[in-house]
Amino acid sequence: MNELAIPGLPEYAFGGDYNPEQWPESVWQEDMALMREAGVNLVTVGVFSWAKLQPTENTWSFEWLDRVLDLCHANGIKVDLATATASPPPWLGLKYPSTLAVDETGVRMAWGARQHFSPSSSVFKKFSLALVEKMVERYAEHPAVVMWHVGNEYGAHTHRCFSEESADAFRAWLITKYGDVDTLNERWGTAFWSQWYSNWDEVMPPRKTVYFPNPAQQLDFKRFSSDAMLELYKAEVEVIRQRVGRQIPITTNFMRFFPHADYWKWSENIDVISDDWYPDLADPESHIEGAMGADLMRSLGAGRPWFLMEQAPSAINWREVNPAKPKNAYRRWSLQQAAHGADGILHFQWRASVRGAEKWHSGMLPHSGTDTAVWREVSRLGQDLKKLKPLLGAKSDSQIALLLDWSSWWALELDSRPSTRLTQMEALLDYYRPLAQAGYSVDFAHPEQDLSRYKLVIAPSLYLISDLGIERIRAASAGGTNIVFGKFSGAVDAEEGVRVGGHLMGLRDVFGCYTEEWHPLVAGQTEEVLIGSNRGEVSGWTEHIRLLPGSAIEGTFSTGDLAGLPAIVSKTSEKSKAWYLGCTPNRDMIASLLEAICIQSGAAPVLYSVPQGVEVTKRSNENGSFLFLLNHTGVEQSIEIGQASVDLISAESFVGAVTVGAGEVRVLHLP
Amino acid sequence: MNELAIPGLPEYAFGGDYNPEQWPESVWQEDMALMREAGVNLVTVGVFSWAKLQPTENTWSFEWLDRVLDLCHANGIKVDLATATASPPPWLGLKYPSTLAVDETGVRMAWGARQHFSPSSSVFKKFSLALVEKMVERYAEHPAVVMWHVGNEYGAHTHRCFSEESADAFRAWLITKYGDVDTLNERWGTAFWSQWYSNWDEVMPPRKTVYFPNPAQQLDFKRFSSDAMLELYKAEVEVIRQRVGRQIPITTNFMRFFPHADYWKWSENIDVISDDWYPDLADPESHIEGAMGADLMRSLGAGRPWFLMEQAPSAINWREVNPAKPKNAYRRWSLQQAAHGADGILHFQWRASVRGAEKWHSGMLPHSGTDTAVWREVSRLGQDLKKLKPLLGAKSDSQIALLLDWSSWWALELDSRPSTRLTQMEALLDYYRPLAQAGYSVDFAHPEQDLSRYKLVIAPSLYLISDLGIERIRAASAGGTNIVFGKFSGAVDAEEGVRVGGHLMGLRDVFGCYTEEWHPLVAGQTEEVLIGSNRGEVSGWTEHIRLLPGSAIEGTFSTGDLAGLPAIVSKTSEKSKAWYLGCTPNRDMIASLLEAICIQSGAAPVLYSVPQGVEVTKRSNENGSFLFLLNHTGVEQSIEIGQASVDLISAESFVGAVTVGAGEVRVLHLP
Amino acid sequence: MNELAIPGLPEYAFGGDYNPEQWPESVWQEDMALMREAGVNLVTVGVFSWAKLQPTENTWSFEWLDRVLDLCHANGIKVDLATATASPPPWLGLKYPSTLAVDETGVRMAWGARQHFSPSSSVFKKFSLALVEKMVERYAEHPAVVMWHVGNEYGAHTHRCFSEESADAFRAWLITKYGDVDTLNERWGTAFWSQWYSNWDEVMPPRKTVYFPNPAQQLDFKRFSSDAMLELYKAEVEVIRQRVGRQIPITTNFMRFFPHADYWKWSENIDVISDDWYPDLADPESHIEGAMGADLMRSLGAGRPWFLMEQAPSAINWREVNPAKPKNAYRRWSLQQAAHGADGILHFQWRASVRGAEKWHSGMLPHSGTDTAVWREVSRLGQDLKKLKPLLGAKSDSQIALLLDWSSWWALELDSRPSTRLTQMEALLDYYRPLAQAGYSVDFAHPEQDLSRYKLVIAPSLYLISDLGIERIRAASAGGTNIVFGKFSGAVDAEEGVRVGGHLMGLRDVFGCYTEEWHPLVAGQTEEVLIGSNRGEVSGWTEHIRLLPGSAIEGTFSTGDLAGLPAIVSKTSEKSKAWYLGCTPNRDMIASLLEAICIQSGAAPVLYSVPQGVEVTKRSNENGSFLFLLNHTGVEQSIEIGQASVDLISAESFVGAVTVGAGEVRVLHLP
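Residue numbers (the UniProt record's numbering), protein chains in the order written: chain A, 1 to 671; chain B, 1 to 671; chain C, 1 to 671.
Following this line, the structure appears as structure tokens:
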């Protein structure tokens, strides 16, 4: 039998956050009826209910929630039950100000928005765990509850705190890491600028300073802040697991490429990887971002099915301008997540709020009710997803991995850099985009994991790499995996120190080169690179590369101060090949480069000869393979898939070529 | 006899703020002589004199002010006497820090600029009222004093305070409004995001939070802040009225479309509506803004004559760049205010300061003295205004009203909106501009007032509308008034909640439509609307409109996701017609639309066939009618007025056509 | 014998900051060997060593520094010994928070970056002087030490503090300046806006206010802040001088046109003027800025040789983008500093850091070691500079001076101005650029110094001028010096008050004109000026100028509201001529204007007929004259110098014409 993400829900999950406390109970019955009509089979309940469950420090009010869960159960709707700790009630902040996060200038955040707690507050932890105890005690056995949902979007809005208590916690974290203050001094390089600490008491979070704070201090504070939130999550999990069995998974919802939590570390503690996706509708490449984020989620779960825990059927409310979703986009992008491994599609939220900060965030059930395009789209999707049951648990196979490490991301984007215009997301997109457009299935991987199962491993800009990371790269390369390192990779060690001797130390023989000096380009500056007889354009970044024995020049700068010097270098070793790109190629150049590299690496796309703008992915399980054809263009497309297939949704049968309408999707079963 | 704004001053008022404490007494005599030369008959004295009147907590120094008032009296110059409470002295802040405003991060503002008091400080109130007591005691009977001037530009710089004392006052205001905390919870929608309050003590001003604070909390805090300032004003008025009779009016100076005080509510307490106008000289449409602001002032006073209390004869000092006023602009724009109902033209300030933050703000008497263009312009205007005495008290007649409600303005521009690029001012200008250019006289009106006397009522973007507002619109429509609602109007109730069922609830039958979903456009995006065979362009905002029985489509989207759907809808009922515009039309489109709507509404411009760039207004009293012809163009213009007239200023007589020189103005008496 | 900047170092100084505490002692020997290889003869030691010298309040650790100094001595490398007070250790901030600077909102700065001390902290002063005592006690007689280096870049990052202690110090400074609070009230103009102080206690630093703080308060706070830092410097000097003789100079390093310290006042206390220069490599005119800053340094030292104390051989790390230095730029710009009077070229820092915020700031010895372009360039320069020994102490002769006064700069750029788009640096560059490009040697001068030795004195925008400044200008003009005043000059007195009667009071007869009103132009606005039959363009600023008897119109506005009025006025008096330019001319216009003015003034460039892009300077001493030819272009250039010469570096001899390779430099000895 296929692997089910939620054993208690043997269907493709469809639903959303359900916040009935916003409405009188008289509408709950209508909610149930409409949920059934739309095909909803899972709702997340209680995420923001703390104040309604514990109205004062010493009073509790669970009866309303009892009724909600019973009602769901009576209607056959399963519940992902939140621990309700995401946002503490006003009384907690008023009576215990230490629970409120403090910014780098010492300002204590007010309640009145949401999720304003200090991750290191012991009082917050005490009260939140007490609430979880109550919840578990009451609902551990509730038949509707098939999953527990801890917190909400950890790090959204508050991802760090500079209070005294947080400073203590940071010091404790550092003591665990470094043991003695001399080691910290050495790893942080405090001999410079007279930052040397004589005593742990002197070590602080990077509060407001007059100039760049120590970068290793900043980096460790980012790590600590992610860990501090993770500790809260794990503490809740521990309370839940004391009463709730393994057949009920526990989750919390991620936010795609969220810059403030190390999701690799978090993922180890999460049963069902869950994600929230709110694409920027002003970005014409939202579908690229859609695929990339989904691939990250699948990779965080080591290939397991994951859940799109939140999306909006149409507009959201927090960007500068929040358009409605374009025609077909809601359905196509939802199915795209399934195409990349999602076994559940949920929304925030069921019924659009009529008050509060998110009333203009679209809900599954709009203000105007069921005679609306949104409701019709939601219901259509709900019905369609029921038909995807055969693919539950199906997995993908990727021959290519992109390396992503939050520590490196954090370090790359600190202040005091050669160029503050480099960002991790831009570097990832530079390499992911052409691979996706060429139809390759791509995983994300951490540089410290075993990489040898991939044919090609690419580090778009892995500024920081640990000793273990170096070992992993060397081992993969030695074992036959091809390696690509983009600009400014391998520059520093785990504490952001330059290794003795400089760039690419430990990997110089793999790439046959190293960089003598960075040559970032200023805004508007472009230079030219010759690859054979082809001219490519680079911007943002170039490097003065030095060759080592055995290397080959793949591209040469033909303009600027570096004219005549290598821009791209490769080295072929016994079992594999490695490339170093010391520049930011433009789109055409990186696309043709990667095409050649993929071919040389023996990596194959899901399907050859796919029309531009059509995305193809494959998932497989014991029921066979499932081919997703997503037509992101505005015209009908025909795709030759070379075998017989049946569309799971429309039940149409095809032999060979398959047509997909403009903006439409097919999920083909290949028996 | 005509209504006089100031009974004690039966002339057209001309003058400015007079701050003699900046100079040695030796120059006061020169001031008097030059004032007489320039035609000054009214000066505002004492606005910033607190520190000089009460040098320490327990010492008072009024003798210098006695001499100033006596000198004015001796020279026949009337005085608008300030209560001097606008800016407290340094000793007050030092000894009583609670008088200083606190920002949302808890920072207490320093003295050393101006007007830094906390509106809710009880200590500030005590000291300011004590000063007013002293002032009134001493000057209630002074023969020069014809008006009292409370405070100054309430809300300029400090329009709110987040101190503990302000938090208490905010809670008291909320208790008065809502009675019990459960009602507040319901109206603010605190069930969402765990914001539910168990107790009044937990309710706070919207201090610094990590994400959007509750929007109803923000909205009520804006209302409270306006009211808190108004309470200070009213408290001073009460002290004055204990000694000063009704024949001496009391005023305070507004700042046109000032976003931080609800001027409708304030106006009820002000005898002579007064205003400060500092046009942005980089804006080529300053004269549109000039007319619009003046119309607001006239409307705030329900048609009564009002005063331009402050303007600069030339440059100011607080914008990024502060040019000198263009040729003729000072005179033309001054007379424009008279054209729109002003019976007094005053300035800040009489003599340009030589020290302090406003020394580069032009004065009536420049640093370089009387051999200056500014002085000559000022004197010319002073002489001209004397000739306007016959029109004192004359009123205008408007058949069209634009709806403006500060609550709606505040709500529209809160965070967490479908589009934060929508602003109230832009929406007002979108509709006011073409009406002004077509020569219509326009009032501003509050949606909760009786609107039935207008032929056409337009809500450019009335996002929030109360139940009473809905009643007023329905009543006007039923009585024969045509109604136009622009985009995103009628979306929420008085506490910014979406009404059950959604948009335009309570008004759907009036307009024959409602909006199913907002479709804001991103920056740079435009779409097309077909009106008959004409193509119009829209940007910024579109809506997915749903038709109801009896409606007619006036315009249809022809591009984008909404192509084929209605953009503009009308409904004709028994006595009137109503239009709903679900988009932001560009200038040409809105101009031709409004032209058609005005004609259908039976509204007439002041004069037909007026050359472009010439503004015409009419005021009437028992002396007859007065036609203002303002030539905003750079060439002489000829206007056919169709009857005999006499220019009040030049004394020239005309029969039919009248010429107006480039940049010049005529005030024609039509006997 | 020539004047030596450092008597103990009779060579051209070459070296940099040496921070050996960042490395294990094992690398120190390598440092010494490589320093000798590169020609290093002077290193600055100890700048950031406080935490390593005094690890806790009561422990000291000098042994490592002993070894460093001894090692330098043993290797023949001289030491510029820092007092190590630039950046206090963490323990000081933790135990004595009063040592930490406080910003205008009351936030106390954290340690963890650098130089975070409050300049007015008595505790900081006590501890820093105690350290200096220890240093002097130990190293006063050390044979390697040839100069003492106090602090570091005073004002970098922390140039002011708003703490209570700083407020006390500010008041004490004001009491010294004004004597009684009434005088302060008069000079600050506190009668306006009710700012009048009854008592010194009420006077504060300009902390966060709701609107513009009093400008004279702001100006005095800037003066006080510069003086507060200078007091710290002088206190250290006093301690050093108690043990160290005059033959050992004392210095601190400036930062070119640093906006937060009055370098004229500082310079009086500094034996060797030292400077740090980090050009913006995105600016194509870095070499203009390079020359201008060097001329300022030479002028601050009254023509004495000065030291480039810090520069980077290639990239830095603190701008948004930090490119590598362009080909040849490091060498050419280094020699350019010598060309303008530098007798030492040093760097920050010797060995590039591998940790901390400046690891990406290039060092003389790069991460990649000696097989690098940077190392080869550094070594080449080190060898070349040895050959410059004959010109040590050589001086320049300038016939033209640009006036620069920090008080005027500060006042010009305060808030509440006619235009906040005016900046002092832009005004200086407007006039310096064409003079430099035409080959003139230019001094900077303070308006209160004797100006009579110059043929031409130019005030590009001397907004504030004191009574003494007026006297100096009048005296110079009367004595035969020509004077040019640019826009918005002579507007206010020393406390930023407009003089009675207005603009140019005290100098109206010199210029034959004054300005009636400022007419700043808005962004994008340009107007035209006719000079004879030539059309010039102006932007940013124009003025309505009034003529006085004896003046001549040199240029006339031909567009805009000022069309027909004078833009440039001159007056010829018995011995000299003066010009007033009431506008911001564009580059062509100011270049041709200044060319004509220089000719009329009898000023001569260093050399006539120099190709564009070639810079020529001359320094002379008893060994003869030295002509620097700097080719800033990309092609070889030939320059006719009209006499025989020998290139000091290449030893080539020339008769007449001399060629200089692209980007190269010659230093010609004219015996």
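Every residue, glycine too, gets a C-beta built ideally from N, C-alpha and C.
Bear in mind the structure is a predicted one, so any value in this text is a computation, not a measurement.
* For chain C, find out if any of its Cβ atoms is closer than 7 Å to the Cβ of SER398(B); answer yes or no. => False, the Cβ-Cβ gap to chain C never drops below 7 Å.
* To do: Go ahead and label ILE599(C) buried or exposed: buried means 16 or more other beta carbons lie within 10 angstroms of its beta carbon, across all protein chains shown.
  => Exposed, by the Cβ-count rule.
* Option nearest ARG319(B) by Cα separation, candidates LYS126(C), VAL272(C), VAL354(C) and LEU521(C) -> LEU521(C)
* To do: Could you tell me which of ILE288(A), GLU238(A), ASP201(A) and SER620(A) sits nearest to ILE270(A), measuring between CA atoms?
  => GLU238(A)
* To do: Specify whether the segment 41 to 48 of chain A and the segment 281 to 296 of chain A touch according to this definition: at least 3 beta carbon pairs, one from each stretch, less than 8 Å apart.
  => Touching, no.
* Asked: So, does the CB of THR56(B) fall closer than 7 Å to a CB anywhere in chain C?
  -> yes
* **Where LEU94(B) meets chain C, residues with beta-carbon distance less than 8 Å** => Those within 8 Å of LEU94(B) in chain C are ASP201 and GLU202.
* Interface residues of chain B facing residue 673(C) [CB-CB closer than 9 Å] -> Chain C is shown from 1 up to 671; residue 673(C) falls before or after that span and cannot be answered.
* To do: Can you say whether GLN29(B) is buried or exposed, counting buried as having 16 or more other CB atoms within 10 angstroms of its CB?
  => exposed
* Are at least three pairs of beta-carbons, each pair with one atom in the segment 398 to 410 of chain B and one in the segment 427 to 446 of chain B, less than 8 Å apart? -> yes
* Would you verify that the beta carbon of GLU516(B) is, or is not, closer than 7 Å to some beta carbon of chain A? => yes
* What are the start and end residues of the beta strand (DSSP E) that includes VAL181(A)? -> Unbroken run through VAL181(A) is the alpha helix (DSSP H), 181 to 188; no beta strand (DSSP E).
* Would you please verify whether the beta carbon of VAL43(B) is less than 7 Å from any beta carbon of chain C? => Against chain C, the CB of VAL43(B) has no partner CB under 7 Å away; the residue lies outside that interface.
* Asked: Can you tell which of ALA86(B), PRO366(B), PRO605(B) and TRP193(B) has its C-alpha closest to the C-alpha of LEU34(B)?
  -> PRO366(B)
* Who pairs with SER570(A) in a beta bridge, going by DSSP? -> ALA552(A) and TRP579(A)
* Asked: Measuring CA to CA, which of ILE458(C), ILE345(C) and HIS519(C) is closest to ARG380(C)?
  -> It is ILE345(C) whose Cα lies nearest to the Cα of ARG380(C).
* Using a Cβ cut-off of 7 Å, pull out every chain B residue sitting near LYS208(C), in sequence order please. => VAL107, MET109 and ALA110
* Asked: How should ILE6(C) be labelled, buried or exposed, when 16 other C-beta atoms within 10 angstroms of its C-beta is the threshold for buried?
  -> buried
* Look at the alpha carbon of GLY303(A) and the alpha carbon of VAL457(A), and state the distance between them as a whole number of angstroms. => 17 Å
* **Beta-bridge pairing of GLU543(C) - partner residues as DSSP gives them** => Looking at the DSSP assignment, GLU543(C) forms a beta bridge with TRP518(C).
* Asked: What is the DSSP secondary structure of THR176(B), counted as helix, strand or coil?
  -> helix
* LEU388(B) - DSSP class collapsed to helix/strand/coil -> coil
* Of all the options ASN621(C), SER26(C), GLY15(C) and LEU547(C), which has the alpha carbon lying nearest to the alpha carbon of LYS395(C)? -> ASN621(C)
* Neighbour-count burial assignment, ASP283(B), 16 or more Cβ in a 10 Å radius -> exposed
* **Closest by C-alpha distance to VAL510(A), when choosing among GLN525(A), SER477(A), PHE488(A) and GLY532(A)** => SER477(A)
* Asked: Can you name the start and end residues of the beta strand (DSSP E) that ALA644(C) belongs to?
  -> Where ALA644(C) is concerned, the enclosing beta strand (DSSP E) stretches over 637 to 647.
* To do: Within the same chain, show all residues whose beta-carbon is closer than 6 Å to that of LEU428(B), passing over the 5 residues directly before and after it, in chain order.
  => PRO460
* **Whole-angstrom distance between ILE175(C) and ASP201(C), CA atom to CA atom** => So the two alpha carbons sit approximately 11 Å from each other.
* State yes or no: is the beta carbon of PRO549(A) nearer than 7 Å to at least one beta carbon in chain C? => no
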